[in-house]
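Following my numbering, the numbering of the sequence shown begins with 1 at its first residue and continues without gaps. Following: one structure in structure tokens, then a few remarks.
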Amino acid sequence: REIAAIYGLALKEPEIIVEEGDMPITDVVTVATDAVVCPLYTARYITDIKVAPSPTWMQQRLLVCGMRPINNIVDITNYVMLEQGNPLHAFDTLRIVTNGANGLQISARRAEKGESIITLDGEKYEFEEGIAVVADSSVPIAVAGIVGGASSEISEKTTIILLEAANFDSIIIRKGQRALGTRTESSARYEKGLSLALVKKSRERAA
């Protein structure tokens, strides 16, 4: 995008083709958001996942960009973040706490004092009020816009994922990363403020 703008070249966008399922996501996932924390939260519920190493070309491109390949699902979210500019996150839906017959209940909200999380890198954080989190019906499963939680991490046993594509408030993300003392590729983008238009495009590209 930058090169095309600087040199007046035509921008070549990737063609995005998504295979739609028969089941509306609203049949299996309920989302509630604090509009200040998260102006836009979207997701795709993707079944029949087979976790494996990414193709060599994708691993090589990620390495060149300074990112460590992990598996095809995580690598896709990182690849699309680099390509489109909007961070994404994939949750293993079978590891998310559900509330009876209501299926998955996801909320983007402010943390309550005393809540905690163990993140993907093994760090434990205890929250002060106000830090943005993504939670299931019971506890936080991600520090919103910063880092995912270990409890819903993608593993070789993952077969169904919830692919999150959202827009989180830049000021709240900036305050959150300072409070926790951690900065990630994701938070580095959200803290600057992202266009809402990137959300759908990134989600569909990853899907």
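Yeah, the Cβ is synthetic: ideal placement off N, Cα and C, and Gly gets one too.
Closest to residue i by C-alpha separation, out of the options, would be which residue?
| i | options | result |
| --- | --- | --- |
| Leu162 | Asp48, Cys38, Glu123, Leu62 | Asp48 |
| Val134 | Lys113, Phe127, Arg109 | Arg109 |
| Ala179 | Ala132, Arg68, Pro14, Gly21 | Ala132 |
| Pro55 | Tyr125, Asp27, Gly66, Val74 | Val74 |
| Ser152 | Glu128, Thr182, Asp121 | Asp121 |
| Val18 | Ala10, Glu83, Leu40, Ile46 | Ile46 |
| Ala95 | Ser155, Ile6, Leu63, Ile16 | Residue 95 is actually Arg in this sequence, not Ala. Minimum Cα distance to Arg95 is reached at Ser155. |
| Gly181 | Tyr125, Asp136, Ile6 | Tyr125 |
| Glu2 | Pro69, Glu83, Met67, Met23 | Glu83 |
| Ile117 | Lys50, Glu20, Pro140 | Pro140 |
With DSSP run on the structure shown, which of helix, strand or coil describes residue i?
| i | result |
| --- | --- |
| Ile3 | helix |
| Ile141 | strand |
| Lys124 | strand |
| Ala179 | helix |
| Thr56 | helix |
| Thr26 | helix |
| Glu164 | strand |
| Asp136 | coil |
| Ser170 | helix |
| Val199 | helix |
| Ser116 | strand |
| Thr33 | strand |
| Leu94 | helix |
| Leu62 | helix |
Hey, residue i and residue j: beta-carbon distance below 7 Å or not?
| i | j | result |
| --- | --- | --- |
| Ser202 | Ala165 | yes |
| Ser138 | Val80 | no |
| Phe168 | Ala144 | yes |
| Ala90 | Asn72 | no |
| Val147 | Thr42 | no |
| Glu185 | Arg174 | no |
| Ser107 | Ala32 | yes |
| Thr77 | Ile160 | no |
| Glu129 | Lys113 | yes |
| Gln177 | Ser170 | no |
| Leu40 | Leu196 | yes |
| Val221 | Gly103 | Nothing can be reported for residue 221: it is not among the residues displayed for the chain, which extend from 1 to 207. |
Assuming residue i and residue j form a contact by the criterion Cβ under 8 Å, report the distance between their Cβ atoms to the nearest whole angstrom.
| i | j | result |
| --- | --- | --- |
| Arg205 | Pro14 | 7 Å |
| Ala207 | Arg44 | 5 Å |
| Gln105 | Thr158 | Between Thr158 and Gln105 the Cβ distance is about 20 Å, and since that is not below 8 Å, they are no contact. |
| Arg183 | Gly85 | Their Cβ separation, rounded to whole angstroms, is 17 Å, which puts Arg183 and Gly85 out of contact at 8 Å. |
Could one say the Cβ of residue i lies closer than 7 Å to chain C's Cβ atoms, at least one of them?
| i | result |
| --- | --- |
| Ala197 | Absent from the structure is chain C; it holds one protein chain and no more. |
Got a sec, what are the start and stop residues for the beta strand (DSSP E) residue i sits in?
| i | result |
| --- | --- |
| Arg189 | Premise fails: Arg189 lies in the alpha helix (DSSP H), 185-190, not in any beta strand (DSSP E). |
| Ala108 | 104-110 |
| Arg68 | Neither: Arg68 is in no beta strand (DSSP E) and is coded neither H nor E. |
| Thr42 | 40-46 |
Please report the residue range of the alpha helix (DSSP H) in which residue i lies.
| i | result |
| --- | --- |
| Asp75 | 72-84 |
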